[in-house]
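Quick note on our numbering: the sequence shown kicks off at 45 and runs consecutively. Glycine included, C-beta positions come from ideal geometry on N, C-alpha and C. Please read the structure below before turning to the comments.
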Amino acid sequence: MHERGVVTTTSLDPAALYRVRKDRIDLVDVPELGYFAVDGAGAPEAGDFAAAIQALYGVSYAAHFLLRKERGDAPGVAPLEALWWVEDPEQQQIVAAIAAGWASAADTDRDRWHWRAMVHQPDAVDADVAQRAVAQIRAKRPSPALDRVRLVRWAEGRCAQLLHIGPYDEEAPSIVRLHRAIAEAGFRRCYFAGPYSVLDGEDVLRAAGVELLWVDTAAGT
Numbered sequence: 045m046h047e048r049g050v051v052t053t054t055s056l057d058p059a060a061l062y063r064v065r066k067d068r069i070d071l072v073d074v075p076e077l078g079y080f081a082v083d084g085a086g087a088p089e090a091g092d093f094a095a096a097i098q099a100l101y102g103v104s105y106a107a108h109f110l111l112r113k114e115r116g117d118a119p120g121v122a123p124l125e126a127l128w129w130v131e132d133p134e135q136q137q138i139v140a141a142i143a144a145g146w147a148s149a150a151d152t153d154r155d156r157w158h159w160r161a162m163v164h165q166p167d168a169v170d171a172d173v174a175q176r177a178v179a180q181i182r183a184k185r186p187s188p189a190l191d192r193v194r195l196v197r198w199a200e201g202r203c204a205q206l207l208h209i210g211p212y213d214e215e216a217p218s219i220v221r222l223h224r225a226i227a228e229a230g231f232r233r234c235y236f237a238g239p240y241s242v243l244d245g246e247d248v249l250r251a252a253g254v255e256l257l258w259v260d261t262a263a264g265t
């Protein structure tokens with residue numbers, strides 16, 4: 045049984061990682077998985093991020109239907125994921141202050157954020173399927189963002205995750221809860237590690253691995 049705010053450590057299959065319950069913080073070990081990914085920088089409301097999402101979903105659905113046609117069945121298309129981090133020292137200090145409860149996301153310069161937008165892919169999606177899926181979407185809906193779609197393998201490793209229900213500007217209390225739970229579980233936090241970082245020590249949690257799974261009620265989702 046999981047009580048409110050209790051942190052548990054477990055290994056989950058990929059599908060279970062998307063079934064997070066409200067008011068529960070879990071430490072999970074995310075295995076190496078395949079993704080369609082687009083890297084970029086800037087605020088989430090900017091056009092570049094929106095174009096990346098459109099390209100990722102277009103290619104993901106094309107790959108899904110290619111597998112269904114050739115294999116008779118395929119897993120459903122996974123939800124969008126995004127990694128966010130900052131590299132500027134000033135912004136890093138603000139992010140640390142947010143995690144401590146001394147600041148909010150509104151205090152950061154969103155134009156200086158870095159991101160990787162991703163959609164998880166089943167193992168059957170290989171380089172050949174990816175190339176054909178991109179070609180299909182490019183023929184139907186050409187977009188410069190399609191040139192940035194890559195098939196990557198990435199092991200996120202040990203993460204803390206929590207479901208946040210509400211708009212972006214109300215995330216701060218959930219972020220504070222996450223980081224407090226990480227510290228109480230005896231882990232060191234690494235606020236600024238992007239997907240290319242190599243972290244030393246089994247007691248470190250990657251910043252990109254502090255997951256805030258959210259439902260934006262302001263957007264009606």
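Closest by C-alpha distance to residue i, when choosing among the options
i, options, result
"L199", "A168, G78 and G84", "Reading off the sequence, residue 199 comes out as Ala, not Leu. A199 has its Cα closest to that of G78, out of A168, G78 and G84."
"Y105", "A140, Q165, E215 and L206", "Q165"
"L124", "Q98, D117, C203 and H108", "Q98"
"R68", "I226, G230 and A179", "I226"
"G201", "P58, A60, E76 and P119", "E76"
"V178", "A60, F109 and V139", "F109"
"D155", "K184, Q205, A90 and A107", "A90"
"I181", "I142, V220, L100 and D92", "L100"
"E214", "M162, H158 and D151", "D151"
"V103", "W157, F231 and R185", "R185"
"A168", "K113, D92, V139 and A183", "K113"
Local conformation of residue i per DSSP, three classes
i, result
"F93", "helix"
"D170", "coil"
"E131", "coil"
"D83", "strand"
"E255", "Confidence is the limiting factor: at E255 the pLDDT is only 48, short of 50, which leaves the residue's position unreliable, though a coordinate-based value still follows. E255 falls in the strand class under three-state DSSP."
"L117", "Note that residue 117 is Asp in the sequence shown here, rather than Leu. Coil."
"D151", "helix"
"P186", "coil"
"D191", "helix"
"R63", "coil"
Beta bridge counterpart(s) of residue i as assigned by DSSP
i, result
"G78", "Q165 and R197"
"L100", "For L100, which the question treats as bridged, DSSP gives no partner whatsoever."
"L124", "V163"
"H158", "A85 and W129"
Cutoff 6 Å; reference residue i; Cβ partners in own chain excluding five residues on either side
i, result
"A194", "Reading off the sequence shown, one finds Arg at residue 194, where the question assumed Ala. Within the same chain, R194 has close Cβ partners A81."
"R197", "E76 and G78"
"R63", "none"
"V220", "G145"
"S148", "A216"
"A122", "V163 and H164"
"A87", "R154 and D155"
"A174", "L195"
Cutoff 7 Å; reference residue i; Cβ partners in own chain excluding five residues on either side
i, result
"P58", "L77 and H164"
"W157", "A85, G86, A87, W128 and V130"
"I142", "S148, A149, A216 and I219"
Sequence-distant residues of its chain with Cβ nearer than 8 Å to residue i (five each side left out)
i, result
"K171", "According to the sequence shown, residue 171 is Ala rather than Lys. For A171, where only same-chain residues beyond five positions count, the Cβ hits under 8 Å are L195."
"E134", "none"
CB contact below 8 Å: residue i versus chain C
i, result
"A199", "Absent from the structure is chain C; it holds one protein chain and no more."
Are there three or more Cβ pairs, one per stretch, closer than 8 Å when the region 178-197 is compared with the region 81-97? yes
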